[in-house]
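Visitor: Before I ask anything, let me first share the structure, which is written out below as structure tokens.
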Amino acid sequence: MTDQHEVGPGSDVSGPTSWSIHLNDVSVTYPNGTTALRNVSLDIPAGEMVSIVGLSGSGKSTLIRVMNGLVPVTTGTVAVGPHEVTHLRGRQLRQLRGHIGMIFQGFNLAERTSVFRNVMVGRFADTPTYRTLLGVSSERDRDLVFAGLDSVGMLDKVWTRASDLSGGQKQRVAIARALAQGPSVMLADEPVASLDPPTAHSVMNDLRHINGERGLTVLVNLHLIDLAQQYTTRMIGLRAGEIVFDGPAAEATESNFEHIYGRPIKSNDKLAN
Amino acid sequence: MTVDEKAAPLGVSIPAPPSRLGQTAAAVVVGAVLLASAADLDIDWGEVWSIPGQIQRYGRLMFTDPDWERLPRALFETWRSISMAWLGAILCVVLSIPLGMLAAHGVGPTWLRLTLRAVFAVIRAVPEVIIALLLLTVTGFTPFTGMLALGIAGIGTQAKWVYEAVESIDDGAPEAVVAAGGAIAELARWALWPAVAPALTSFALYRFEINIRTSAVLGLIGAGGIGSMLTNYTNFRQWNTVGMLLVVVITATMIIDATSGRIRRRIMEGAKQ
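The listed protein sequences derive, respectively, from chains A and B.
Numbered by the working numbering, the letters in the first sequence go through residues 86 to 358 in order.
Numbered by the working numbering, the letters in the second sequence go through residues 32 to 304 in order.
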């Protein structure tokens, strides 16, 4: 897949093709014996905006990490777009990861470097290693970095040190880093859990725009039920590594959530309480 | 005298004191080891009492009238020692940063990590002087030999500091680079290096300080520099010159230690911000 090279400098609307995701009977058991996923099968069509809801420890983080191979599956198969993730190694796996953007709860920026350098990480999969090591970037890479920052409203901070940004700004820089990849899928692991409510909404809005305008498949892990209902169309409920709910997010009832969480709903299960 | 006699007047029974058997046994063992190790040292106990007097006598010989005539030569040799120490430190640091990073958990593959750590452990077990003696047969009695010996001998400890520093950093930024499809070299340059740069710079200066002290020792076996000059004049029993050389060595070492220490403190304070 090289079609992402069609992304022109500065264009943030005509994205690359969006990919579907298929998990077939996936189980993950960590070396310490913990089983994080049990026989999970899942079909996510291209361009869908999906939330994965569950308590911490329910397997949400693992589910999202098997899709880009950060966590290897113990049994089962994972297919993302035209690739069989389970079979990829080395360079091919890095190429695939280049097509999958990811953002994290803790932003995961290199704090002691500039915003520019952090977003440039998004170009690694498509850049020869000697170039990145020397810090010599091509015109096209720079343009993609600027375009990514511009689409999250952070272009004026491009030369700022990452450690000088607020939490919400850091998460936007992290989104820009993922966009600079020209991704076909966007994964978000609890992207708003470290943010205050207004910032959380603006980051969720950014993700909705990415899904709406670029048509990207977006998967977002959440533990707040009102955010899942407000921003995503489909909701997958995980409990102890098994899918216990899968349906339209808006139609999920209180009892559905109580089934997912295995306990009555509390006020801190929602952002607005 | 016994516990019972004391207890009677008070009318209460005093609890038995805790057993001191463990401490007594430890003291006996330590004493035995001390005697056993002193037995084979051929200590002339009659001469031991004359040591303070001898120290005073040689002290007077060296320092009542130090011979400043050879100061320019001493300064030149000091400069050679400093050069040896500095280049040795650079060689050591340049080799140990990449090797140490590869030996850190989660960076290189397991077989490489274990191999590198074994190599570092072996180097740590061999003193600089032994490495210099081995190198002498190849490169001869020159400061270059000293530099190589310092460069190689330091790797064992220096690389250990590097991997310990790398393992102590937050794993967020490295995870982001891997998720974006970055290779190991890109991970090292743009996620690990920004996080550990202040600590590693401080370690590099510390290596220089250690080398300054060690370079004098290497002079004793003929690796050039101020140490060689010191050995020669001690063998010639020219105590005036030896006194002058000691003044130069100690002054130079203290100045460099103090300066380098100040720079290190500033680097680490800057890193906290």
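We put the beta carbon where it would ideally sit given N, CA and C, even for glycine.
#1: May I ask you to list the residues that DSSP assigns as paired with Pro205(B)?
#2: List, in chain order, every chain A residue whose beta-carbon is nearer than 9 angstroms to that of Trp270(B).
#3: By how many angstroms is the C-alpha of Leu261(B) removed from the C-alpha of Leu162(B)?
#4: By how many angstroms is the C-alpha of Tyr237(B) removed from the C-alpha of Ser222(A)?
#5: Taking one C-beta from the stretch 263 to 281 of chain B and one from the stretch 222 to 238 of chain B each time, how about it: are there three or more such pairs within less than 8 angstroms?
#6: Below 7 angstroms CB to CB, which residues in the same chain sit around Glu133(A) once its five sequence neighbours on both sides are set aside?
#7: Which whole-angstrom value describes the C-beta separation of Thr162(A) and Asn109(A), a residue pair presumed to lie in contact below a C-beta threshold of 8 angstroms?
#8: So which of Leu229(A), Leu272(A), Ile188(A), Gln315(A) has the shortest CA-CA distance to Phe201(A)?
#9: Do Ala195(A) and Ala70(B) have their beta-carbon atoms positioned less than 8 angstroms apart in this structure?
#10: Taking its Cβ as the centre, do 16 or more other Cβ atoms sit within 10 Å of Leu118(B), making it buried, or is it exposed?
#11: Identify which residue in Ile86(B), Ser233(B), Val124(B) has its Cα closest to the Cα of Ala184(B).
#12: Assess, as a yes-or-no matter, whether the stretch 237 to 250 of chain A is touched by the stretch 141 to 161 of chain A under the definition of 3 or more beta carbon pairs within less than 8 angstroms.
#13: Which residues of chain A have a Cβ atom closer than 7 angstroms to the Cβ of Ala320(B), listed in chain order?
#14: Just to confirm the assignment: which complete alpha helix (DSSP H) runs, minimum length 4, are found wholly within the stretch 126 to 160 of chain A?
#15: Which residues does DSSP pair with Asp274(A) in a beta bridge?
#16: Would you call Trp142(B) buried or exposed, if buried means 16 or more other Cβ atoms sit within 10 Å of its Cβ?
#17: Apart from the five residues on each side of it in sequence, which residues of its chain come closer than 7 angstroms, Cβ to Cβ, to Thr284(A)?
#18: Flag this pair as yes or no: are the beta carbons of Ala56(B) and Ala235(B) separated by less than 8 angstroms?
#19: Closest Cβ-Cβ distance between Leu155(A) and chain B: below 8 angstroms?
#20: Residues of chain A with CB closer than 7 angstroms to the CB of Ala210(B), please, in chain order.
#21: Across the stretch 112 to 126 of chain A and the stretch 180 to 187 of chain A, are there enough close Cβ pairs to call them in contact, namely three or more that are closer than 8 angstroms?
#22: Measuring straight from C-alpha to C-alpha, what distance separates Thr284(B) and Val248(B)?
#23: In chain order, what residues of the same chain have a beta carbon less than 7 angstroms from the beta carbon of Thr217(A), not counting five sequence neighbours either side?
#24: Within 10 Å of its beta-carbon, does Phe267(B) have 16 or more other beta-carbons around it, so buried, or fewer, so exposed?
#25: Rounded to the nearest angstrom, what separates Tyr346(A) and Leu231(B) at their Cα positions?
#26: Starting from Pro333(A), trace the beta strand (DSSP E) in both directions and tell me its first and last residue.
#27: Can you find the residues in the same chain that come closer than 7 angstroms, C-beta to C-beta, to Gly274(B), ignoring five residues on each side of it along the sequence?
#28: Tell me the DSSP secondary structure of Ala313(A) in three-state form.
#29: Quick check: Leu323(A) and Gly154(A), are their CB atoms within less than 8 angstroms of each other?
#30: What three-state label does DSSP hand Arg174(A) in the structure shown?
#31: Between Pro225(B) and chain A, is the shortest Cβ-Cβ distance under 8 angstroms, so that the two count as touching?
#32: How would you call Arg296(B), buried or exposed, if buried means at least 16 neighbouring beta carbons within 10 angstroms?
#33: Alpha carbon to alpha carbon, what distance is there between Ser112(A) and Ile350(A)?
#34: Looking only at its own chain, which residues have a Cβ that is under 7 angstroms from the Cβ of Ala325(A), when we skip the five neighbours before and after it?
#35: Which whole-angstrom value describes the C-beta separation of Val206(A) and Arg262(A), a residue pair presumed to lie in contact below a C-beta threshold of 8 angstroms?
#36: Return the CA-CA distance between Val150(B) and Glu198(B), expressed in angstroms with no decimal places.
Guide: In short, the structure shows the following:
#1: Position 174 of the second sequence, counting from 1, holds the residue named residue 205(B). Partner residues in a beta bridge of Pro205(B), as assigned by DSSP, do not exist.
#2: Taking the second sequence and counting its residues from 1, the one referred to as residue 270(B) is at position 239. Near Trp270(B) there are no residues of chain A at all, since even the closest Cβ is about 53 angstroms away, more than 9 angstroms.
#3: Locating residue 162(B) in the second sequence gives position 131, counting from the first residue. Locating residue 261(B) in the second sequence gives position 230, counting from the first residue. Strictly speaking, residue 162(B) in this sequence is Ile, with Leu absent from that position. Whole-angstrom Cα-Cα distance: 21 angstroms.
#4: Walking along the first sequence from the start, residue 222(A) turns up at place 137. Walking along the second sequence from the start, residue 237(B) turns up at place 206. As the crow flies, the alpha-carbon of Ser222(A) is around 34 angstroms from that of Tyr237(B).
#5: When C-beta atoms of the stretch 263 to 281 of chain B are compared with those of the stretch 222 to 238 of chain B, fewer than three pairs fall below 8 angstroms, so the two segments do not count as touching.
#6: Taking the first residue of the first sequence as position 1, residue 133(A) is located at position 48. Around Glu133(A): Thr302, Thr318, Arg319.
#7: Position 77 of the first sequence holds residue 162(A). Position 24 of the first sequence holds residue 109(A). The Cβ separation is near 5 angstroms, so the contact holds.
#8: As a position in the first sequence, residue 201(A) is number 116, starting the count at 1. Across the set Leu229(A), Leu272(A), Ile188(A), Gln315(A), the C-alpha of Leu229(A) shows the shortest separation from the C-alpha of Phe201(A).
#9: For the purposes of this step, residue 70(B) is taken as residue 39 along the second sequence, with counting starting at 1. For the purposes of this step, residue 195(A) is taken as residue 110 along the first sequence, with counting starting at 1. Result no, Cβ atoms of Ala70(B) and Ala195(A) do not sit closer than 8 angstroms.
#10: Position 87 of the second sequence, counted from the start, is the residue given in the question as residue 118(B). That one is buried.
#11: As a first step, residue 184(B) must be located in the second sequence, where it is residue number 153. If we check each option's Cα against that of Ala184(B), Val124(B) comes out closest.
#12: The answer is no - the stretch 237 to 250 of chain A does not touch the stretch 141 to 161 of chain A, with fewer than three Cβ pairs under 8 angstroms.
#13: In the structure as shown, chain B begins at 32 and stops at 304. Residue 320(B) is therefore absent and cannot be evaluated.
#14: DSSP runs (the alpha helix (DSSP H)) wholly in the stretch 126 to 160 of chain A: 145 to 151.
#15: Here residue 274(A) refers to the residue found at position 189 when the first sequence is read from its first residue. For Asp274(A), which the question treats as bridged, DSSP gives the partners Asn306(A).
#16: By 1-based counting over the second sequence, the position of residue 142(B) is 111. Exposed.
#17: As a position in the first sequence, residue 284(A) is number 199, starting the count at 1. Around Thr284(A): Gly252, Gly253.
#18: Residue 56(B) sits at position 25 when you count from the first residue of the second sequence. Residue 235(B) sits at position 204 when you count from the first residue of the second sequence. Not in contact: Ala56(B) and Ala235(B) (Cβ atoms no closer than 8 angstroms).
#19: The count along the first sequence starts at 1 and reaches residue 155(A) at position 70. Output row for Leu155(A): interface = yes.
#20: Working through the second sequence from its first residue, we reach residue 210(B) at position 179. What Ala210(B) touches in chain A: Asn153, Leu155, Arg182, Met187.
#21: Under the three-pair Cβ rule at 8 angstroms, the stretch 112 to 126 of chain A does not count as touching the stretch 180 to 187 of chain A.
#22: Along the second sequence, one-based indexing puts residue 284(B) at 253. Along the second sequence, one-based indexing puts residue 248(B) at 217. Counting only the Cα atoms, Val248(B) lies some 13 angstroms from Thr284(B).
#23: Here residue 217(A) is taken as the residue at index 132 of the first sequence, counted from 1. So the qualifying residues of the chain are Phe209.
#24: What you label residue 267(B) is simply residue 236 of the second sequence in a count that begins at 1. With fewer than 16 other Cβ atoms within 10 Å, it is exposed.
#25: Along the first sequence, one-based indexing puts residue 346(A) at 261. Along the second sequence, one-based indexing puts residue 231(B) at 200. Their Cα atoms are separated by approximately 46 angstroms.
#26: The sequence position of residue 333(A) within the first sequence is 248, counting from 1. Its beta strand (DSSP E) spans residues 327 to 333.
#27: By 1-based counting over the second sequence, the position of residue 274(B) is 243. Answer for Gly274(B): Met93, Phe94, Pro97, listed in chain order.
#28: Locating residue 313(A) in the first sequence gives position 228, where the first residue counts as 1. When secondary structure is reduced to three states using DSSP, Ala313(A) falls in the helix class.
#29: If you number the first sequence from 1, residue 323(A) lands on position 238. If you number the first sequence from 1, residue 154(A) lands on position 69. Contact check for Leu323(A) against Gly154(A) fails: the beta carbons are separated by 8 angstroms or more.
#30: To locate residue 174(A), count along the first sequence from 1; it is residue 89. Coil at Arg174(A), not helix or strand.
#31: Locating residue 225(B) in the second sequence gives position 194, where the first residue counts as 1. Interface annotation, Pro225(B): in contact with chain A, CB-CB separation under 8 angstroms.
#32: Stepping through the second sequence from its first residue, residue 296(B) is reached at position 265. Classification of Arg296(B): exposed, given that the 10 Å Cβ count is below 16.
#33: Position 265 of the first sequence holds residue 350(A). Position 27 of the first sequence holds residue 112(A). Rounded to the nearest angstrom, the two C-alpha atoms are 28 angstroms apart.
#34: In the first sequence, residue 325(A) corresponds to position 240, counting from 1. If we look at Ala325(A) and ignore the five residues flanking it on each side, its Cβ neighbours are Ser143.
#35: Here residue 206(A) refers to the residue found at position 121 of the first sequence. Here residue 262(A) refers to the residue found at position 177 of the first sequence. Right, the Cβ-Cβ distance comes to about 6 angstroms (below 8 angstroms), so this counts as a contact.
#36: Locating residue 150(B) in the second sequence gives position 119, counting from the first residue. Locating residue 198(B) in the second sequence gives position 167, counting from the first residue. C-alpha separation (whole angstroms): 19 angstroms.
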